[in-house]
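A.B. asks: Let me begin by handing over the structure; questions about it come next.
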Amino acid sequence: MGLILIVLFLALFVLGFPVVYSILLPAIFYVVIEGLPLGLLTQRVTYALDSFPLVAVPLFIFVGNLMNLAGVTDRIFRFADTLVGRIPGGLAQVNIFSSLIFSGMSGAALADVGGLGKIEIEAMKRRGFDAPFAAAVTASSAVVGPIFPPSIPLIVYGSVTSVSIIQLLIAGIVPALICILLLMVTAAIIAIRKDMPRAERWASPREVGESLLPALPALLAPVLMISGMLLGLFTPTEAAAVTAVYVILISWLVYRELTLDHLWSAMLTTLRNTSAILIIVAAASLFGWILAVEQIPQDFSKLILAISSDPFVLLLIANLIFFIAGMFLDSTTATLLVVPVIAPPMVMAGIDPVHLGIVVIFNLMLGLLTPPMGLSLFLVSSIAKITLRQLLKALLPFYAPLLLTLAIITFADGLVLALPKLLR
Numbered sequence: 001m002g003l004i005l006i007v008l009f010l011a012l013f014v015l016g017f018p019v020v021y022s023i024l025l026p027a028i029f030y031v032v033i034e035g036l037p038l039g040l041l042t043q044r045v046t047y048a049l050d051s052f053p054l055v056a057v058p059l060f061i062f063v064g065n066l067m068n069l070a071g072v073t074d075r076i077f078r079f080a081d082t083l084v085g086r087i088p089g090g091l092a093q094v095n096i097f098s099s100l101i102f103s104g105m106s107g108a109a110l111a112d113v114g115g116l117g118k119i120e121i122e123a124m125k126r127r128g129f130d131a132p133f134a135a136a137v138t139a140s141s142a143v144v145g146p147i148f149p150p151s152i153p154l155i156v157y158g159s160v161t162s163v164s165i166i167q168l169l170i171a172g173i174v175p176a177l178i179c180i181l182l183l184m185v186t187a188a189i190i191a192i193r194k195d196m197p198r199a200e201r202w203a204s205p206r207e208v209g210e211s212l213l214p215a216l217p218a219l220l221a222p223v224l225m226i227s228g229m230l231l232g233l234f235t236p237t238e239a240a241a242v243t244a245v246y247v248i249l250i251s252w253l254v255y256r257e258l259t260l261d262h263l264w265s266a267m268l269t270t271l272r273n274t275s276a277i278l279i280i281v282a283a284a285s286l287f288g289w290i291l292a293v294e295q296i297p298q299d300f301s302k303l304i305l306a307i308s309s310d311p312f313v314l315l316l317i318a319n320l321i322f323f324i325a326g327m328f329l330d331s332t333t334a335t336l337l338v339v340p341v342i343a344p345p346m347v348m349a350g351i352d353p354v355h356l357g358i359v360v361i362f363n364l365m366l367g368l369l370t371p372p373m374g375l376s377l378f379l380v381s382s383i384a385k386i387t388l389r390q391l392l393k394a395l396l397p398f399y400a401p402l403l404l405t406l407a408i409i410t411f412a413d414g415l416v417l418a419l420p421k422l423l424r
């Protein structure tokens, strides 16, 4: 029955059913065929959502939406322009560096694209960059969002695997910095080869200070959150709440751009985005419970370990599985459906679950840049008003640093686990 359920899910998905229906209908079919009480459906769905860590998801989504509406993103972009605009590539470097700063508050790749992306692409076009290149830089740098804390996908992964969410979030810092560095080097090489524009001179200390001052309250948000978790002052969920209150206060009292309309709009958008995530969480939890009853994870563990028990080989297999999963499924669905099956044999073979979490989520984020379901591709091409073909052509050079980052975090687990080990 477990295999029948998987086949039904894949069939419905290929036929174009919404992913929630593709998950939920086979689960209902199983309950009916097996003669189980229908009340089991509501029980499992409710149990899945009764999770304290998942409360962080709407809070971080709210923070990202609020910053977009309250003018925080503009100040972040202006500060980044002053700081790195002279590096070869100019605004391309600003674009990448801004993504790192913004990801420290939003925790979602699409929030980066939808918020900073509009500002960055328009600014780059005005400075003489062609639209496909601007869009490619925006899409590739947004991958960092769900790796650098806070990270909504890492929170979902932690809730599924019962791995420490604090350690997962802290583990994402070094990989995110590596990815940003490699992307900036790539952008600089392309800019030098194509003689792209950049700032005429380095900003003076006074100019840096003048741009830093308005951006400083926003820059302190991720510092407050990360230091608070490291010092044990609050959990990731409490950190999300503290960050949300902090962003409201600085938008209202410091920037004085927060209005009731902004607050209401951010709340409505958060409600829609959160509903889309949590309905998948609920349905996938029911589906995953049925697979567990049918002992699919145990059977898959035996199959994987029969192939090899070498951690490096298993990590290569995990990379392949999750890279393909990311091409067809959003990160939440892939995490909830695939991780409970794949993770047990990996951990049994000696792979650290925190390390595995970073590898898994980075692979799924690459899925945002790969057809046919690459959501970042569609969003960025729409913002830049270019075709998908133009975007993919401009993106080709940026796949190299992203794949190199994946290789580094896969095989250099010491880099990934250096900071989390401080918490153990």
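So in the working numbering, spot 190 of the sequence shown is number 190, and the numbers just go up one at a time.
We put the beta carbon where it would ideally sit given N, CA and C, even for glycine.
Note that this is a predicted model, so its numbers are computed, not measured.
Figure out for me which residue from G367, L40, L391, C179 has the closest Cα to the Cα of T332.
C.D. replies: Here the closest residue by C-alpha is G367.
A.B. asks: Counting C-beta neighbours from all protein chains within 10 Å, is the total for T387 16 or more, i.e. buried, or is it exposed?
C.D. replies: The residue in question, T387, is exposed, as its Cβ has fewer than 16 Cβ neighbours within 10 Å.
A.B. asks: Kindly indicate which three-state DSSP category K385 falls into: helix, strand or coil?
C.D. replies: If DSSP states are grouped into helix, strand and coil, K385 belongs with coil.
A.B. asks: Do F287 and P150 come within 7 angstroms of each other at the CB atom, strictly closer than that value?
C.D. replies: No, Cβ-Cβ distance for P150 and F287 is not below 7 angstroms.
A.B. asks: Might you give, ordered along the chain, the residues of its own chain that have their beta carbon closer than 6 angstroms to the beta carbon of A343, omitting 5 neighbours on each side?
C.D. replies: Around A343: T161.
A.B. asks: Got a sec, what are the start and stop residues for the alpha helix (DSSP H) M267 sits in?
C.D. replies: Residues 260 to 293.
A.B. asks: What do you get for D261, buried or exposed, if any count of 16 or more other CB atoms within 10 angstroms of its CB means buried?
C.D. replies: By the neighbour-count rule (16 or more Cβ atoms within 10 Å), D261 is not buried but exposed.
A.B. asks: Can you tell me whether R256 is buried or exposed? The criterion is at least 16 other CB atoms within 10 Å of its CB, across all chains shown.
C.D. replies: Classification of R256: exposed, given that the 10 Å Cβ count is below 16.
A.B. asks: What are the start and end residues of each continuous beta strand (DSSP E) run of 3 or more residues lying completely inside the segment 31 to 110, in chain order?
C.D. replies: None, since the segment 31 to 110 contains no complete beta strand (DSSP E) of that length.
A.B. asks: Using three-state DSSP, classify R127 as helix, strand or coil.
C.D. replies: It is coil, neither helix nor strand.
A.B. asks: Looking at the unbroken alpha helix (DSSP H) that takes in P205, where does it start and where does it end?
C.D. replies: Per DSSP, P205 belongs to the alpha helix (DSSP H) from 205 to 230.
A.B. asks: Determine, using beta carbons only, whether G172 and I147 come nearer to each other than 7 angstroms.
C.D. replies: In contact: G172 and I147 (Cβ atoms closer than 7 angstroms).
A.B. asks: Can you list, in chain order, the residues of its chain with a C-beta nearer than 6 angstroms to that of T270? Leave out the 5 residues immediately preceding and following it.
C.D. replies: For T270, where only same-chain residues beyond five positions count, the Cβ hits under 6 angstroms are P58, I61, F62, N65.
A.B. asks: Measuring only the C-alpha atoms, how far is P217 from L315?
C.D. replies: Near 40 angstroms, if we compare the C-alpha coordinates of L315 and P217.
A.B. asks: Taking C-alpha atoms, which residue in I6, T46, I4, L12 lies nearest to I279?
C.D. replies: Selected option, being the one with the closest Cα: T46.
A.B. asks: Rounded C-beta distance between L49 and V281? I'm assuming under 8 angstroms.
C.D. replies: Right, the Cβ-Cβ distance comes to about 7 angstroms (below 8 angstroms), so this counts as a contact.
A.B. asks: Could you give the first and the last residue of the continuous alpha helix (DSSP H) run that contains P175?
C.D. replies: Taken as a continuous stretch (DSSP letters only), the alpha helix (DSSP H) holding P175 covers 173 to 194.
A.B. asks: Less than 7 angstroms between the C-beta atoms of G326 and N273, yes or no?
C.D. replies: Their beta carbons are not under 7 angstroms apart, which means G326 does not touch N273 by this criterion.
A.B. asks: Taking contact to mean 3 or more Cβ pairs, one atom from each stretch, closer than 8 angstroms, check whether the segment 335 to 351 and the segment 299 to 309 are in contact.
C.D. replies: Enough Cβ pairs lie closer than 8 angstroms, so yes.
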